[in-house]
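Position one of the sequence shown corresponds to residue 1 (our numbering), numbered consecutively onward.
Each residue gets a CB set at the ideal place from its N, CA and C atoms; glycine is no exception.
The structure presented is a predicted model; accordingly, all values stated were derived computationally and were not measured.
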Amino acid sequence: MSKDISIVFKSQDQLSQSILQMKQKVNEFGKDIADYRKIQDKAFGEKAKLQLDARKAKEELKELNKLIKQGKEGSEEAFIKKQKEINQMSEGMKRYNKIINDANKAEKDLHTTRSRNANDPNNYNSNNPNIAKQLVQAGMLKELGNSMGNYMGATLTSKYGDRLGNEIGGAISSTLSGVFMGGMVGGPIGAAIGGVIGLGTGVINAFTEEKKDKDNYFRDEVKSIYSKVDELTNDGLQNGKELAKQRENDIIAFKTILGGKYKANNFIDATEKFASKTPFQQVELLSLSKGMMTYGYNQDEIIPNLTKLGDAFSALGINSDGKKASITALGRMKSSGKTTLENINILQDKGIDAVGILAEKMETTKAKVYEMISKGAIDGADTARTIIDAVGEKYKGAMEEFSQTTSGLESTLADLKSRGDRAEGNGFNQERKKGIKAEIMYLEQLKTKDREYIGQYKASLKNKEEELIRSTIESAKKSEDYRKAVAKGDGAEIGKILADAQTKAMIEWNNSPEMQKLHEAELSRLKATQKYIADSGEYVLFGRKMHEQFNKGWDSVKTAETKSSINLNMNGYERYTRYAYNYSKNKHASGINRVPVDNYPALLHEDEQVLTADEAKQLRNKSKGGKIENLTININGNGRDDEALANLVVTKINNAMEKIA
Numbered sequence: 001m002s003k004d005i006s007i008v009f010k011s012q013d014q015l016s017q018s019i020l021q022m023k024q025k026v027n028e029f030g031k032d033i034a035d036y037r038k039i040q041d042k043a044f045g046e047k048a049k050l051q052l053d054a055r056k057a058k059e060e061l062k063e064l065n066k067l068i069k070q071g072k073e074g075s076e077e078a079f080i081k082k083q084k085e086i087n088q089m090s091e092g093m094k095r096y097n098k099i100i101n102d103a104n105k106a107e108k109d110l111h112t113t114r115s116r117n118a119n120d121p122n123n124y125n126s127n128n129p130n131i132a133k134q135l136v137q138a139g140m141l142k143e144l145g146n147s148m149g150n151y152m153g154a155t156l157t158s159k160y161g162d163r164l165g166n167e168i169g170g171a172i173s174s175t176l177s178g179v180f181m182g183g184m185v186g187g188p189i190g191a192a193i194g195g196v197i198g199l200g201t202g203v204i205n206a207f208t209e210e211k212k213d214k215d216n217y218f219r220d221e222v223k224s225i226y227s228k229v230d231e232l233t234n235d236g237l238q239n240g241k242e243l244a245k246q247r248e249n250d251i252i253a254f255k256t257i258l259g260g261k262y263k264a265n266n267f268i269d270a271t272e273k274f275a276s277k278t279p280f281q282q283v284e285l286l287s288l289s290k291g292m293m294t295y296g297y298n299q300d301e302i303i304p305n306l307t308k309l310g311d312a313f314s315a316l317g318i319n320s321d322g323k324k325a326s327i328t329a330l331g332r333m334k335s336s337g338k339t340t341l342e343n344i345n346i347l348q349d350k351g352i353d354a355v356g357i358l359a360e361k362m363e364t365t366k367a368k369v370y371e372m373i374s375k376g377a378i379d380g381a382d383t384a385r386t387i388i389d390a391v392g393e394k395y396k397g398a399m400e401e402f403s404q405t406t407s408g409l410e411s412t413l414a415d416l417k418s419r420g421d422r423a424e425g426n427g428f429n430q431e432r433k434k435g436i437k438a439e440i441m442y443l444e445q446l447k448t449k450d451r452e453y454i455g456q457y458k459a460s461l462k463n464k465e466e467e468l469i470r471s472t473i474e475s476a477k478k479s480e481d482y483r484k485a486v487a488k489g490d491g492a493e494i495g496k497i498l499a500d501a502q503t504k505a506m507i508e509w510n511n512s513p514e515m516q517k518l519h520e521a522e523l524s525r526l527k528a529t530q531k532y533i534a535d536s537g538e539y540v541l542f543g544r545k546m547h548e549q550f551n552k553g554w555d556s557v558k559t560a561e562t563k564s565s566i567n568l569n570m571n572g573y574e575r576y577t578r579y580a581y582n583y584s585k586n587k588h589a590s591g592i593n594r595v596p597v598d599n600y601p602a603l604l605h606e607d608e609q610v611l612t613a614d615e616a617k618q619l620r621n622k623s624k625g626g627k628i629e630n631l632t633i634n635i636n637g638n639g640r641d642d643e644a645l646a647n648l649v650v651t652k653i654n655n656a657m658e659k660i661a
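Following this line, the structure appears as structure tokens:
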């Protein structure tokens, strides 16, 4: 592993702490924005390095698979260790993703906080000293309004969270600033107007920021889930392809050991089922099985003996190396027919009291057993069988109990996931074989004279380039400056002259007819590529479509049902800001003939009447069926402009129609 993962986690913690510190103390707007972006850039860079390390580690995992197949000692432990590193790298990348998202959110929050403090002064004539004085006073009062809004926002944030606190704080800040600035210019009336305008501005800004915020979270979540699913899918296929390859190799190996493909398939299926119910990994089981078969155990003995030994291994907490060493010791004694102290000690060191088991079986002391072992008086096959039966009886059920622990369940889950991955990988490999075979057949029949010509051409270019460099350097060595430098022993000048010669040669070579021909061919290929894409490259638009789709917000997927659901879940303030925003668009002082949609917001006035849908329908039907002979309307248009007069006419007509109905 090219990088200690603990160092990565420590670096990530430092980045997270930097974000927290900047949130706690914001002094310079531009500086903090830059710092947040530096954190994101650093996290992106470190994540990319980690991704490269993970890719290398996966390649190493493939090599370890090959070593496991070859039965290399320690390869299984190395495989497990490497897989653990990959898992840690995956966790590290997730943490970097969180740091990037946190920094991005912190930057946006800072924008939100500062935006309500931004000055938006009106255009005043600076030549008028009174107006200039008012501007200064209004600016100071505006700052006071901002400060009070910030205080209220901080108080509300402490109680209700930053989103609601920022929104209400911004609305209060805008309202107070409008009151103070309006009051400076227009007295009490100006203060009232300024307050209304400030409140409206604050509400609309809050609604806008709320919408942006929701869209950002929506986009981030879409990208996150899409990327995770894509990553899981790709990782599952890659892992499955390797597992399927290994399964093919295992079938070949066990076909040789067991004497037929049918027996090999049955045995491998049996180990797969055994692994799915026990803490054993199937890769580990197959390796141990090969070892046992090598020492003379037949196919029918493997699973029963591994069940007994598995109970002991689970109870004693023996790792993969210990399992392999224990089975090797038992196998040697079985195949050799000799009980040796060397093999007995291996078992003793792993926590299996082999001497005690033999002493109990022979009804003697441990000292006597050691004496008999040293004389070679105990049969090795009997010893192996006695030990396996004894630990199986003593620790019976331990493997089943261990399989229900977190570690055991994780092992079972890993086996089941691997089975699914292998099925997908096998499907891919079987279909891919057809293409590989077709490509092999194609390459076997392919004549290679054309490739030979290409190679000759590339070599000729290289030869001519080196020839030009050599001749240019030789010409430089014959120059007067070179001879003088050599005479003086001036190494710096000699190096400069030779370097200049090489530079000159390279430039001349790039301008040579040979290179010009090559450049023209490359340019022609580029133009042809552009033409082909222009003619039939609709797929290029796919990237743009994906980019546009990723950047869409909530509104792109809302249906009438989801909109209704979202409105029901909105808190009071959200509903207030949304309706306040819509009020600014839906003004019907002269009335409206028909409400266009459900939940339509509108501002009603005193003495106005709102009808139900049925009542409105009856009114319309009466209006259509009735006949109006004379309709007299009295209007006083004094002091009204054209628009006001038109609105008054419409209102009078509506009132008259209602009376007739």
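- Only exposed fits N463, as fewer than 16 other CB atoms lie within 10 angstroms of its CB.
- Straight-line measurement puts the Cα of L409 at about 11 Å from the Cα of E401.
- For T328, the enclosing alpha helix (DSSP H) has its first and last residue at S320 to S336.
- Rounded to whole angstroms, the Cβ separation of L237 and F428 is 6 Å, and the two are in contact under 8 Å.
- I473 and Q516 have their C-alpha atoms roughly 23 Å apart.
- A distance below 9 Å separates the beta carbons of T278 and S403.
- Fewer than three beta-carbon pairs drawn from the region 305-323 and the region 331-340 are found closer than 8 Å, and the two stretches are therefore not classed as touching.
- CA-to-CA, the gap between K223 and R247 works out to about 36 Å.
- I257 has its alpha-carbon roughly 14 Å from the corresponding atom of K69.
- If you check the CB distance, E76 and S287 come in under 9 Å.
- Distances from the alpha-carbon of I469 to those of K447, K94 and A501 put A501 closest.
- If you check the CB distance, I357 and T339 do not come in under 9 Å.
- Put simply, the backbone Cα of G397 is about 25 Å away from that of I344.
- One Cα belongs to E615, the other to Y226, and the distance between them is close to 51 Å.
- Looking only at K478, G491 and L461, the smallest Cα-Cα distance to P513 is reached by L461.
- Shown here for Q299: same chain residues with a beta carbon closer than 8 Å to its own, the five before and five after excluded, namely L258, K263, F267 and M293 in chain order.
- Pairwise C-beta distances place the region 418-436 out of contact with the region 346-364, as fewer than three of them are shorter than 8 Å.
- Under the three-state reduction of DSSP, D41 is assigned to helix.
- CA-to-CA, the gap between A476 and E452 works out to about 36 Å.
- Comparing alpha carbon positions, the residue from D535, K308 and T364 closest to E393 is K308.
- Taking the CA atoms as reference points, D421 sits about 22 Å from M93.
- Note on K47: 16 or more other CB atoms within 10 angstroms of its CB, so buried under the neighbour-count rule.
- Closest by C-alpha distance to K105, out of Q88, K214 and E63, is K214.
- Linking M546 to N205 through their CA atoms gives a straight-line distance of about 30 Å.
- Using a Cβ distance threshold of 9 Å, I86 and I39 do not count as a contacting pair.
- Listed in chain order, the non-local C-beta contacts of A78 below 6 Å within the same chain comprise L64, local neighbours out to five positions each way being set aside.
- A straight line joining the alpha-carbon of G200 with that of E209 spans about 14 Å.
- For D450, the three-state secondary structure derived from DSSP is helix.
- For D481, the enclosing alpha helix (DSSP H) has its first and last residue at E480 to K488.
- Counting only residues of its own chain and dropping the five nearest sequence neighbours on each side, D555 has no CB closer than 6 Å to any other CB.
- Note on geometry: alpha-carbon atoms of K449 and K458 lie some 15 Å from one another.
- If you draw a straight line from the Cα of A329 to the Cα of V229, it comes to about 46 Å.
- The straight-line gap separating the alpha-carbon atoms of K447 and G455 is approximately 14 Å.
- Annotation: the continuous alpha helix (DSSP H) that includes W509 extends over G491 to N510.
- The Cβ atoms of L341 and Y370 lie closer than 9 Å to each other.
- Per DSSP, D535 has no beta-bridge partner at all.
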